[in-house]
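For the sequence shown, position 676 (counting from the first letter as 1) is numbered 676 according to full-length UniProt numbering, and the numbering increases by one without interruption.
What follows is a set of notes on a single structure, which appears directly below.
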Amino acid sequence: MNLPSGVAIDSAGVLYIADYQNHRVRRVGLDGVITTFAGTGEAGFSGDGGPAVQARLNFPSSVAVDARGNVYISGNHRVRRVGPDSVITTFAGTGEAGFSGDGGPAAKAKLNYPRGMDVDAKGNVYIAEWSNHRIRRVGPDSVIITIAGRGGPGFSGDGGLAVLAQLNAPTGVAVDAKGNIYIADSFNYRVRRVSGGLITTAAGAGTRDFSGDGGPAVQAGLSLTAGVAVDAKGNIYIADYNNHRIRRVSSGPSIKLSTSSMTFGPTSVGSTSRSTFTVLNGGSDSLSITEIAVGGKDSLQFKVSPTTATVAAGRGETVTVSFTPGSSGTEIAVLRLYHNAAGSPSSVLLSGIGYGKEGPTITTFAGSGPDSAGYGGFGGDGKAAAQARLYFPQGVAVDAKGVVYIADTKNDRVRRVGTDGIISTFAGTGEQGFSGDGGPATQARLNWPSCVAVDGSGVVYTADGYLSPIFILKDPPRYGIQRVGVDGIISTFAGTAEVGFSGDGGPALQAKLSGYVNGIAVDASGNVYIADTWNQRIRRVGTDGVITTVAGSGPTGQFKGGFAGDGGPATQARLSEPYGVFVDASGGIYIADARNHRIRRVGLDGVITTVAGSGPVGMDDGSYSGDGWPATQATLSSPRAVCADANGNLYIADYANHRVRRVGLNGIITTFAGAGGSSGDGGLAVLAGMTAPSGVAVDAQGNLYIAATGNHRILRVTAAEVSPASLSLSAPSLKFDSTRVGSTSQLTLTISNTGGGTLSITGITLEGPDTAAFRVSPSVAAIPAGQRQSVTVTFAPTAAGPRSALLVVSHSAAGSPSRISLSGTGYVGIGPVTPTADFDGSGEVGFDDFFLFASAFGQRTTGDNTKFDLDKDGEISFGDFFLFAADFGKTIQKSAKTIAVNLPGGATMEMVWIEPGKFTMGSPSSEVGRYDNEGPQHEVTITKGFYLGKYELTQGQWQKVMGTAPWVEKNYASVPVNPDNPAVFISWDDAQVLLKKLNDAEPGAGYRLPTEAEWEYAGRAGTTTRWSFGDDEGRLKDYAWYGESTLNEFYVHKVGTKLPNPWGLYDMHGNVFEWVQGWYALYAIGAQTDPPGPDSGSVHVNRGGNFYFSARIMRSAYRVNGGSSYREGDLGLRLLRQGK
């Protein structure tokens, strides 16, 4: 054969092959013998009405077979049919390329390169027309119509009528048993789906790449979809041509959100803004959304409608989110959608800006704005700066005295505004060109100065020599950096009259620059940094006049940048049009990497990282999102400049978003100025309108200056009046769990600055009788207004028994010092028995236990009476009585014990023995908040006991065993780093790698994830109620970190800080979801013994709830799912051990 391009199989199993370059269709019978079925082997068209083997074909590209045995062949701008009698005829097309004939006989219609075909059960023939960009259908009546595509190449129409959508060179078509039509939309790099006349994307994100295996099909990267097929179960198979793969999309629903984040603009406190997003179901079955809920720090400020939905295959659902701020500032939350598709739950990050009557105000500092035609101009020297005219000012700088310098770009000048507010020309005559070196700066000619900087001694630098294709200069230009000394004399500091790149390691005056330099900065030592934009580098001129590259490896091709190198040497990284550069007080270099839509930082070690911006959206575009979230998750759009204030807050000129963004010391980004649409003079900065900010600078008082290039103005945001710092502690005391002598436990104290200014923590020390048993880190800190500092306290007992101390925090706020009490108990041995109120071991807490407890009341803890010390404070007192009373009347698991096991890397883990037994799995139909997938209820017998992690696997344990920290790599604010916090961003696949490592290190231990039945058995702990403590939702906050208990603590929490369930397991409700071993499926009917779960599936089960959803999600029966590779900041695991 020669380039076979299509195959089809009839109902008997006979195979037909389109033998493209042999101009034949071949047939392979059930005996495996191949013969020519149609075509003579000579290219052309002939033979209609005669035997197919005597007909001429012309590059047959595909073949299809109907239920009656008719074989359809595409080629020659026709579709031909060979009947059961082996006679060939033209079925559709005249042979002339074009488009015509809809609504008439198919044989009289024009086709244009028909490619793939399929036939449904009713005998309708579907034709993918490559050059007509359509799918056409020929019915049993031989009438042809268009069913998808409007004729022109492109991509549009998802969610609407298929006949109005755009396709781009469709090469294949397939029909499933339900009549849904799948299209290989080749140059849109998608598979489209038509159901009920409406079109959606079934697979492919529209990007030409390879990505997405294991995730939603609509988010995958494909590279030229050449063919598509559907099996009897509805699974879709895709010929991913340039990726050299066959991809499969499993049947069922799928989900795609129109956005992953929503950012609400400035909204006055108490009023409401609304926005919508769309949920698309690109799958083959209905998408059931069982809950849409908002959780997190500011969840009360966001509302969503609807809260449940059913989305038919191929359809969409509009979700409305409203934002009603309760206070000024940025407020954030997470919207989660729980559904029956892979990857549940899906998330949308929410943020909004609230404003009241107070906040930083903005005014025009210099420039009167555009004239009536929208242009800038020149004028006003010797007058108040706000009355002067500027023309596309791109740079601004402030010296130590408060004098402001402006790169008045299109006026070919540098202007100066003194402390008296009067503007004057500092450099440049206003005539474009290059001249004047060695003379007064005001007599020199400049060429579109794009930026300006000033050093500590008052020397001013500007970039001169913009390579313009429009202007012809009288004199040869100088593409370099000009320097104006304190004597007012101008000279060339770096660069020559020739454009290019050269000179590193030599004098800056002999180096070539790119002719497009947009940023300059000077550090405290007098080193000058140059954003050599078209050379894709940051260069430094030392105090010795020698130039070197400090970041960027240069362009590939003419001026072409790129993105690479984060985490490695900055000189090996790739930049893409670095426009701005700034050096902070410590020597860190910040780069406005404009076309990469990022701010990057070069540390003192020369390593480059991204500190703001997640990169381009689509091929090269920036966008606006992420306020209130970590800056590295936000999107920027061509940031042109960056600077920092004295406290270390970053300010970014987010050029194409027409905003200035601010990144606080906690890494959170917000809009600082420019989110509104009015001019804003005298009003709140966050409501001001501005166009194309290109430069930013901060003076010694904290005032921010903005070069609003498109407004022909310099704007100033006045620093807000600062209120005193105020200290708030997360807890008045820290009580540690019993800790084995020789090991350690850790707790976190959070110190918040609820006032203004910076809160200085001058010392954190220990006092009291047992200071040697405790450690604290850090011991000093500076906490900006509105931020917090985590302090880790470690308990390391050296002997058994109770230990206590005081943590003393000395600080700059009122009430210093502050004191926090510390307590903990050390023990010796493999692990303590978990205290239980079932003192007599009967399995029930009753009066016999009460009498035993009463006999020991008031005693110190020694020897046999240790079991009565339920709160482990070293004495048997009212604290223990209250815990006893809470358990009175309950059934307690007999002989519950906790052991400590050693894990690789020096980690230890406490595990609780779970006795075998029976329980009823699932929830009754009468349970409040129940979901359908929690039934039917059925009896389960667990025949073998096992050890289960007392706590969720922690970050410290994962890191010691695996040597990685996925939660750090994600840099989510919801995942503070603490060795005692749950390990998250762990996929089911990741968990299997961990389990293998544990079992290899200790053969016979039998580490695994619990089955879903084992998890619910242990989670219920002998109860049948909504939660393991009962049905009273009001008590849930004592047992779980969840939405209502974390309104101001939107993050994972230290394990074991809430009450345990009756069997001594902590966080079985809330904190983070936990993987179980089995696949997800609806429950089987009938009693089961040790059910392992389904043998196969597409997603695995998660159990237990998380830290920001409602009480409904925390119930013992609640179940959700995720794909094997799914990772999230609220998803971790709990280990099971079968061995002793």
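All C-beta atoms, glycine included, are put in the ideal place defined by N, C-alpha and C.
Next on the checklist: I'd like the ranges of any beta strand (DSSP E) spanning at least 3 consecutive residues and lying wholly in the region 662-727.
Outcome noted: Whole beta strand (DSSP E) segments, 3+ residues: 669-673, 693-698, 704-708 and 713-718.
Checklist entry - Taking C-alpha atoms, which residue in 338, 426 and 751 lies nearest to residue 381? => result Looking only at 338, 426 and 751, the smallest Cα-Cα distance to residue 381 is reached by 426.
Next on the checklist: Rounding to the nearest angstrom, what Cα-Cα distance links residue 149 and residue 169 in this structure?
Outcome noted: Residue 149 and residue 169 have their alpha carbons spaced roughly 10 Å apart.
Next on the checklist: For the pair the region 493-512 and the region 436-456, tell me if three or more CB-CB distances fall below 8 Å.
Outcome noted: Touching, no.
Item to check | Alpha-carbon spacing of residue 216 relative to residue 781, whole angstroms | outcome: Spanning the alpha carbons of residue 216 and residue 781 requires a straight line of approximately 44 Å.
Checklist entry - Going by DSSP, what residues sit across from residue 9 in a beta bridge? => result In DSSP, residue 9 forms a bridge with 15.
Checklist entry - What is the DSSP secondary structure of residue 459, counted as helix, strand or coil? => result In the structure shown, the three-state DSSP call for residue 459 is coil.
Checklist entry - Since residue 962 is in the alpha helix (DSSP H), which residue starts that stretch and which ends it? => result Here the alpha helix (DSSP H) through residue 962 covers 955-962.
Next on the checklist: If I follow the unbroken alpha helix (DSSP H) through residue 741, where does it start and stop?
Outcome noted: Looking at the DSSP string, residue 741 is not in any alpha helix (DSSP H), and its letter there is neither H nor E.
Item to check | Contact between the region 632-648 and the region 593-604 (3+ Cβ pairs under 8 Å) | outcome: Yes: at least three Cβ pairs fall under 8 Å.
Item to check | Separation of residue 38 from residue 18, as counted between CA atoms | outcome: Looking at the backbone, the Cα of residue 18 and that of residue 38 are separated by about 10 Å.
Checklist entry - Going straight from the alpha carbon of residue 28 to that of residue 36, what length do you get? => result Rounded to whole angstroms, residue 28 to residue 36 spans 9 Å at the Cα level.
Next on the checklist: My assumption, with CB atoms under 8 Å, is that residue 92 sits in contact with residue 9. Please give the rounded CB distance.
Outcome noted: For residue 92 against residue 9, the beta-carbon gap comes to about 22 Å, at or over 8 Å, which does not count as contact.
Next on the checklist: Quick test of your reading: residue 367 and residue 713, contact by CB under 8 Å. State the CB separation rounded to the nearest angstrom.
Outcome noted: Yes, residue 367 and residue 713 are in contact; Cβ-Cβ is about 4 Å, under 8 Å.
Item to check | Residues near residue 540 in its chain [Cβ-Cβ closer than 6 Å; skip 5 each side] | outcome: Counting only Cβ-Cβ distances below 6 Å, and skipping sequence neighbours, we find 527, 529, 548 and 550.
Checklist entry - Just curious, the alpha helix (DSSP H) that residue 999 is in, first and last residue? => result In this chain, the alpha helix (DSSP H) harbouring residue 999 covers 988-1001.
Item to check | Runs of beta strand (DSSP E) lying entirely within the region 313-354, each at least 3 residues, in chain order | outcome: As far as the region 313-354 is concerned, its whole beta strand (DSSP E) runs of at least 3 residues are 316-323 and 329-339.
Checklist entry - Residues in its own chain within less than 7 Å of residue 305 by CB, not counting five upstream and five downstream? => result Within the same chain, and ignoring the five residues on either side of residue 305 in sequence, the residues whose Cβ sits closer than 7 Å to its Cβ are 320.
Item to check | Segments of 4+ residues assigned as alpha helix (DSSP H) that fall wholly inside the region 575-599 | outcome: If one requires a minimum length of 4 residues, no alpha helix (DSSP H) run lies completely within the region 575-599.
Checklist entry - Going along the chain, which unbroken runs of the beta strand (DSSP E) with 3 or more residues stay wholly within the region 754-798? => result DSSP runs (the beta strand (DSSP E)) wholly in the region 754-798: 759-767, 774-777, 781-783 and 788-795.
Checklist entry - Helix, strand or coil: how does DSSP classify residue 1131 here? => result Shown here, residue 1131 sits in a strand according to DSSP, grouped into three states.
Item to check | Segment contact, 8 Å Cβ cut-off, at least three pairs: the region 792-804 with the region 757-777 | outcome: The region 792-804 is in contact with the region 757-777.
Checklist entry - Given a threshold of 16 other Cβ atoms within 10 Å of its Cβ, counted over all protein chains shown, does residue 1123 qualify as buried or as exposed? => result Per the 10 Å Cβ criterion, buried.
Next on the checklist: Considering just the uninterrupted stretch of the alpha helix (DSSP H) at residue 880, what are its terminal residues?
Outcome noted: Note, residue 880: alpha helix (DSSP H), 878-887.
Item to check | Residue range of the alpha helix (DSSP H) that includes residue 1020 | outcome: Here the alpha helix (DSSP H) through residue 1020 covers 1012-1020.
Next on the checklist: Rounded to the nearest angstrom, what separates residue 1024 and residue 739 at their Cα positions?
Outcome noted: The alpha-carbon atoms of residue 1024 and residue 739 are separated by roughly 33 Å.
Item to check | Opening and closing residue of the beta strand (DSSP E) in which residue 74 lies | outcome: If you look at residue 74, you'll find it in the beta strand (DSSP E) that goes 71-75.
Checklist entry - Can you tell me the Cα-Cα spacing of residue 236 and residue 991, whole angstroms? => result Between the alpha carbons of residue 236 and residue 991 lies a gap of roughly 29 Å.
Checklist entry - Mind checking residue 926: buried by the 16 CB within 10 Å criterion, or exposed? => result An exposed status is given to residue 926, since fewer than 16 other beta-carbon atoms sit within 10 Å of its beta-carbon.
Checklist entry - How is residue 853 classed by DSSP in three states: helix, strand or coil? => result Residue 853: helix per DSSP, three-state reduction.
Checklist entry - What number of angstroms, rounded off, separates the C-alpha of residue 543 from the C-alpha of residue 716? => result The straight-line gap from Cα to Cα measures roughly 32 Å.
Checklist entry - Does DSSP put residue 896 in a helix, in a strand, or in coil? => result Interpretation of residue 896 is limited by its pLDDT of 49, a score under 50 that renders its predicted location unreliable; no figure is taken from the coordinates.
Checklist entry - Who are the Cβ neighbours of residue 58 in its own chain at under 8 Å, not counting the five residues just before and after it? => result Excluding sequence neighbours, residue 58 sits near 23, 43, 44, 45, 75 and 76.
Item to check | From 508, 438, 457 and 459, residue whose alpha carbon lies closest to that of residue 489 | outcome: Per the Cα distances, 438.
Next on the checklist: The beta strand (DSSP E) that contains residue 1037, what's its start and end?
Outcome noted: Annotation: residue 1037 is outside any beta strand (DSSP E); the continuous alpha helix (DSSP H) that includes it extends over 1036-1039.
Checklist entry - Under a three-way DSSP split, which group does residue 904 fall into? => result Residue 904 falls in the helix class under three-state DSSP.
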